[in-house]
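A short write-up of the structure that comes next.
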Amino acid sequence: MHGNAKKVMLSVFSVLVVLAMVSGATFAWFTDAGFADINFEAGVLDISVSDEMGGMAPLKFDNLRPLTLEQFQAELGPDLTNVNQDGFDPAPNYFCKVVITNEGTLPARLKLTAQSIAVPEGCEVLNMQTDGISVWQDGTVACHNELEDVLKIYVYEEDADGDWTFVEGVNLNAKTKEDGEASDFLPSEHLGAKEERAYVIAAHLPEDVGNTYQAKHFHGALFVSAAQADDGTGWPVLPDDGSELDPDQQQVSIPISFEDKDTGDEVGATTLAVSKSSFAEGVYNVTTEMVKAPKGYRFDPAEQNGDSTLTESTASKVTFTVVADEATPDEVEITVNFEAAGVNVGSTKVTVAKADFVESVYNVTTEMVSAPQNYHFDPTSQTQPSTLTGDSASAVTFTVAADAASTYEYTVEYKVDETVIKTDMGSGPAGEFTYTPDSVIAYNGKNYEPKAASYRFTISATEANEFVVPCEEVLVSGDGSSWEQAIVINTPEELNAVRNGLDKYYILNKDIDLSGYANWTPIGNTAWASGWFTGGLDGNGRTISNVTSTIASATSATYNGLFGCAYGAELKNITIINANINTNFNNTQAYTGILVGSSYNTTITNVHTSGSVTSKSSGTGGVVGSTWGSSTGSSNSGSISNCSSTAEISTSAGQVGGIVGNCNRPVSGCWFNGSVSNTYSGTAGGIVGQMSSSLSNCWSAGSVEGKQGQSNGVGGLVGHLNGGTLSNCFTVAKVNALNTFNTTAAANRTAQPAVGSATTAANWNSVYFQTGNFYVNNVLNTSWDNYSSGSYLFCFKKDTSEMRTAATFASWEAAVWKIEDGKLPELIANPTVG
């Protein structure tokens with residue numbers, strides 16, 4: 001028996017399955033089937049645009065984003081909306097309710113399945129491109145139902161308490177079905193004649209779905225098959241493709257609006273699913289007999305009709321007028337409360353017809369409701385009377401007692417990385433609990449401690465309970481005479497005390513928050529060598545946050561940062577976040593950096609910074625303000641390696657760079673992805689402002705702007721190269737020149753995509769810039785993109801595609817760079833953060 005508009009009606013809100021026996025026919029098994037379109041759309045950086053599909057009113061799933069199964073299940077709100085709505089546009093919708101009504105005369109077995117259908121003609125999706133660092137749109141491409149390859153389609157069913165329960169082991173998308181999962185859902189209970197039942201269809205993108213699937217679609221059909229409830233019946237044969245369904249099942253949804261006759265306000269709306277073939281010459285006449293008035297209203301006049309016009313697959317709206325129904329409600333709700341030892345532990349409601357109240361009293365029994373989870377009725381059978389007064393019924397209360405809790409064993413492993421240093425065992429009831437670990441664990445002659453004072457674990461009644469407490473070595477302070485004897489720092493006060501031992505070695509054992517210091521005094525900030533820092537600091541992978549230092553005049557100090565001046569020192573493995581460093585005076589010997597203002601013959605390795613730097617000083621950088629020294633006459637000639645910054649850096653004097661402002665020491669393996677600005681006629685560079693040494697294996701993104709001049713260049717990598725060298729570097733940074741610019745005048749061409757200016761013209765064969773990123777006063781300028789003579793360009797241009805082609809960087813060291821087609825190169829020892 002084929003389904004049609006009179007028998008099988010599916011929409012966002014209802015699915016109608018009708019079964020009837022044919023009079024006089026030989027007895028046979030009866031089956032029926034209906035379907036509803038489903039549109040699934042993934043989000044674009046959490047932003048999606050709906051693409052309405054023709055046919056029946058669709059189940060619409062919007063702005064999907066990758067989540068773990070636990071995160072996805074936590075999205076289900078009490079009204080079927082997503083719990084997390086703030087900041088999304090459009091609002092995410094992962095859950096759609098379907099109500100199946102059996103208007104026939106026989107009980108039915110049900111089966112829910114889903115399959116893809118033909119992509120609507122002309123459907124396009126955004127063409128999203130990514131290189132692992134940035135994501136961009138490149139027009140649109142035709143939709144090919146790509147989301148089908150990764151989408152999970154789950155089912156929730158309603159329990160006795162009215163809660164939605166996730167159906168384990170069912171994924172209606174056969175393409176992503178895993179071992180042990182079924183691609184159809186067969187409810188265990190039959191649907192009786194004149195009964196209805198609700199389900200929730202849910203769309204889930206697993207957490208491992210990558211950027212490739214941004215903006216992609218899946219167009220499919222949800223099939224509800226019904227068969228006679230007796231043993232041996234088969235199921236209706238569904239088409240291979242929902243787009244080839246019987247024409248009688250190709251339906252459109254007519255929107256119906258209900259307006260208050262007196263006020264003209266819309267008081268309700270619904271849809272009517274009708275087969276396309278029912279439209280006579282594109283028109284279908286809808287009557288009030290086909291729909292129900294909103295609850296509390298009746299049609300006025302009682303008989304109305306209106307025409308809906310079909311345009312392609314869209315039907316026009318029909319409006320009926322209604323008036324408030326003053327009739328007395330036929331049913332009332334009785335609130336049922338549950339108390340344990342005099343304390344309310346839950347409630348529910350039962351709906352009762354007024355006619356069932358005998359002399360205004362209705363007896364509610366415990367057989368009519370379920371006790372709250374983890375409780376049972378005590379005594380088992382209870383009866384309480386509810387009294388009807390007008391349209392309200394009084395509440396009743398049943399007493400309950402807590403269930404005896406079952407206990408389950410668990411194991412806790414104390415781990416340092418992957419090494420287990422201690423195992424603890426215990427037991428408890430299913431559910432969350434707080435675990436307090438041992439404070440110190442001795443292992444192989446060393447002491448270790450948990451990284452947190454307590455942990456929240458969840459004991460499962462069905463799965464193995466294995467928990468992990470991550471630990472770290474308890475460092476023991478030495479006398480500070482060497483790295484082996486380093487002094488351990490655990491508090492902001494202990495970091496501040498480093499200024500009392502400037503020649504000592506230190507190591508962080510905890511994250512340090514310096515927000516308690518309104519204005520941090522840089523360590524070693526005097527103008528004399530006797531007051532400089534000459535020891536070492538190992539950040540040990542810890543974080544220093546919220547350092548704020550403002551120096552208003554030269555009488556305070558000349559060097560600004562966490563450290564003022566480091567001389568022959570070693571600074572390594574340090575992460576500084578949310579820094580705020582300000583130098584508000586102009587002095588040719590003033591230097592400003594988040595880590596250190598001035599670095600003399602100091603080795604700086606694996607330092608990463610974020611925050612802001614503003615200055616009027618001669619050298620300003622995201623890590624170091626300025627370096628000094630030579631390769632001779634010192635046991636430590638100094639260098640900067642494997643560092644990064646995402647800071648916002650601005651100056652109105654001197655040289656400024658994303659890593660270092662003024663540099664005469666080697667820089668390697670560094671990257672910058674923030675903003676650099678110089679409003680003074682000084683140098684500005686994405687890595688280094690002014691350079692007189694070597695720069696190798698570095699890259700920059702973000703933005704660089706400045707007022708270029710004869711010897712004050714502005715470039716994505718280096719502002720001015722004063723006799724130094726470059727190798728194996730690239731930039732995709734936006735460069736904005738603020739002065740008059742042309743490529744023929746020496747004073748005006750010193751803003752360039754990679755190297756602004758150089759004392760000796762040279763093209764560095766392994767240094768590249770991405771075209772389309774050079775601006776003059778914020779207006780795109782293609783002079784260097786089109787420049788071909790090579791006399792002053794200092795490096796080589798590549799378009800967006802070439803910058804993401806492995807062959808471009810074939811000569812670069814595989815041990816240093818991770819190079820893949822479709823992505824920008826990435827430093828192996830200093831990968832991109834975030």
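Everything in the sequence shown is counted per the working numbering, starting at 1 for the first residue and increasing by one. For glycine and all other residues, C-beta sits at the position ideal for the given N, C-alpha and C.
| query | result |
| --- | --- |
| For D184: DSSP bridge partner residues | T113 |
| Counted within 10 angstroms of its Cβ, other Cβ atoms place G842 as buried (16 or more) or exposed | The structure shown does not extend to residue 842, since the chain is modelled only from 1 to 834, so the question has no answer here. |
| E70 - containing alpha helix (DSSP H), residue span | L69 to A74 |
| Nearest-angstrom beta carbon gap, V322 and A302 [assumed within contact, 8 Å] | Actually they are not in contact, since the Cβ atoms of A302 and V322 sit about 10 Å apart, beyond 8 Å. |
| Pairwise C-alpha distance: P66 and W862 | Absent from the structure is residue 862, since the part of the chain shown begins at 1 and ends at 834. |
| For K152, three-class secondary structure by DSSP | strand |
| Inter-residue CB distance, A198 and V99 (contact presumed, cutoff 8 Å) | 5 Å |
| First through last residue of the beta strand (DSSP E) which encompasses P492 | Taken as a continuous stretch (DSSP letters only), P492 belongs to no beta strand (DSSP E), being part of the alpha helix (DSSP H) at P492 to N496. |
| Nearest to V474 (by Cα), restricted to the options D403, E449, N490 and G480 | E449 |
| Continuous beta strand (DSSP E) assignments of at least 3 residues falling wholly in the stretch 754–784 | 755–758, 767–770 and 774–776 |
| Supposed close pair N578, S545 - CB separation, criterion 8 Å | 5 Å |
| heavy atom of the ligand PLP below 8 Å from D403 C-beta | As presented, the structure is devoid of all ligands, the ligand PLP included, so that no description of it is given. |
| Three-state secondary structure (DSSP) of S631 | Low confidence applies to S631: its pLDDT is 47, below 50, so where it sits in the model is not reliable, and the reading given next is rough at best. DSSP places S631 in coil when its eight states are reduced to three. |
| Counterpart residues of E124 in DSSP-defined beta bridges | A142 |
| Spatial distance of A108 from V200 (CA atoms) | 19 Å |
| Meets three-Cβ-pair contact criterion under 8 Å: the stretch 339–356 and the stretch 276–295 | no |
| Reduced DSSP category for E52 - H, G, I as helix; E, B as strand; rest coil | The predicted model places E52 with a pLDDT of 26, which falls under 50 and marks its position as unreliable; any figure quoted below should be read in that light. Of the three classes helix, strand and coil, the one that applies to E52 here is coil, per DSSP. |
| Distance between Q384 and T397 (C-alpha atoms, nearest Å) | 7 Å |
| G822 classed as buried or exposed, judged by whether at least 16 other C-beta atoms fall within 10 angstroms | exposed |
| Cutoff 7 Å; reference T348; Cβ partners in own chain excluding five residues on either side | D161, V336 and V369 |
| Uninterrupted beta strand (DSSP E) stretches inside the stretch 499–557 (no shorter than 3 residues) | 505–508, 536–538, 543–545 and 548–551 |
| Backbone secondary structure at E312 - three-state DSSP | coil |
| Segment limits, beta strand (DSSP E) that includes K415 | T407 to V416 |
| Rounded straight-line distance, which links the Cα of V416 to that of F774 | 49 Å |
| Distance between beta carbons of L112 and L222, contact taken as under 8 Å | 7 Å |
| Alpha carbon of G268 to alpha carbon of T319, nearest angstrom | 10 Å |
| For Y787, the three-state DSSP class (helix, strand or coil) | coil |
| With 16 other Cβ atoms within 10 Å as the buried cut-off, status of E813 | exposed |
| Whole-number beta carbon distance between Q655 and N662, since they are thought to touch under 8 Å | 5 Å |
| Segment contact flag, the stretch 637–647 with the stretch 666–678, C-beta cutoff 8 Å, min 3 pairs | yes |
| Sequence-distant residues of its chain with Cβ nearer than 8 Å to W778 (five each side left out) | Note that residue 778 is Asn in the sequence shown, not Trp. N736. |
| Beta bridge counterpart(s) of M691 as assigned by DSSP | C663 and L721 |
| Backbone secondary structure at Y840 - three-state DSSP | With the chain running from 1 to 834 in the structure shown, residue 840 is simply not present. |
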